[in-house]
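**Q** So in my numbering, spot 113 of the sequence shown is number 1074, and the numbers just go up one at a time. The beta carbon of each residue, even a glycine, is placed where N, CA and C say it ideally should be. All values reported here derive from a predicted model rather than from experimental measurement.
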Amino acid sequence: HNYLILTVHVAYVFLCAFSGNICLWFSYLIASMGLQVLWSFGLACLDAYALRRKRDLQNPVMVSLFIVRDWVTAMLTLAAASSSAGVIVLYARDLDICKVKNHLPCSKFEISIVLAFITWLLIAISSHVMFWILAAV
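1. Please report the distance separating the alpha-carbon of leucine 1082 from that of leucine 1037.
2. Compute the Euclidean distance between the alpha carbons of asparagine 1020 and alanine 1097, then round it to the nearest angstrom.
3. Within 10 Å of its beta-carbon, does phenylalanine 1092 have 16 or more other beta-carbons around it, so buried, or fewer, so exposed?
4. Between the segment 1029-1045 and the segment 1074-1081, do at least 3 Cβ pairs fall closer than 8 Å?
5. Could you check the C-alpha separation between leucine 1012 and valine 1033 for me, to the nearest Å?
6. Is the CB-CB distance between valine 1024 and leucine 1095 below 7 Å?
7. Return the CA-CA distance between serine 1044 and glutamine 997, expressed in angstroms with no decimal places.
8. If you drop the 5 nearest sequence neighbours on each side, which residues of the same chain put their C-beta closer than 8 Å to that of tyrosine 989?
9. Tell me the start and end of each unbroken alpha helix (DSSP H) in the segment 978-1038 that is at least 4 residues and wholly inside, in chain order.
10. Taking the alpha carbon of isoleucine 991 as the point to measure from, which residue in Arg1016, His1089 and Ser1073 has its own alpha carbon closest?
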């Protein structure tokens, strides 16, 4: 699945941004991206298994499961990215904490949030494609 690499990158940027400190403001986004990585890795393994065994995964039950999974992870990712964006706007722009506390890597947080929104967009596209596949099955 195409958004696995982007999700891993979001998680990597967050881990680099924290540099050992756990920031509770973005823990929901980290958890959401972690869930996305695990689910995408599981689907990649399932795809590899299906390709190796030359099996078709396009039955209505499996496709319906993928659609529901895409809905759930899309909503989690959108909620996490939106709440994190609200926090970074509050801290970076309204309270100017990023200027006062130079040890906070606010630009890395902003990059992570942008990547999370891109991940959400790709999940939404995946869900739309799954609807078309379900209609064809």
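**A** Short version:
1. On the sequence shown, residue 1082 is found 121 positions in, with the first residue counted as 1. On the sequence shown, residue 1037 is found 76 positions in, with the first residue counted as 1. Distance between the alpha carbons of leucine 1082 and leucine 1037: 12 Å.
2. Against the sequence shown, residue 1020 aligns to sequence position 59. Against the sequence shown, residue 1097 aligns to sequence position 136. Straight-line Cα distance between these residues: approximately 10 Å.
3. Along the sequence shown, one-based indexing puts residue 1092 at 131. Burial call: exposed.
4. The segment 1029-1045 makes contact with the segment 1074-1081, as at least three CB pairs between them are under 8 Å.
5. Indexing the sequence shown from 1 puts residue 1012 at position 51. Indexing the sequence shown from 1 puts residue 1033 at position 72. The alpha-carbon atoms of leucine 1012 and valine 1033 are separated by roughly 26 Å.
6. By 1-based counting over the sequence shown, the position of residue 1024 is 63. By 1-based counting over the sequence shown, the position of residue 1095 is 134. The answer is yes: Cβ separation under 7 Å.
7. Within the sequence shown, the letter at position 83 stands for residue 1044. Within the sequence shown, the letter at position 36 stands for residue 997. Spanning the two alpha carbons is a distance of roughly 17 Å.
8. For the purposes of this step, residue 989 is taken as the residue at position 28 of the sequence shown. Ala1040, Ala1041, Ser1044 and Ser1045.
9. 988-1014, all fully within the segment 978-1038.
10. In the sequence shown, residue 991 corresponds to position 30, counting from 1. Comparing Cα-Cα distances from isoleucine 991 to each of Arg1016, His1089 and Ser1073, the minimum goes to Ser1073.
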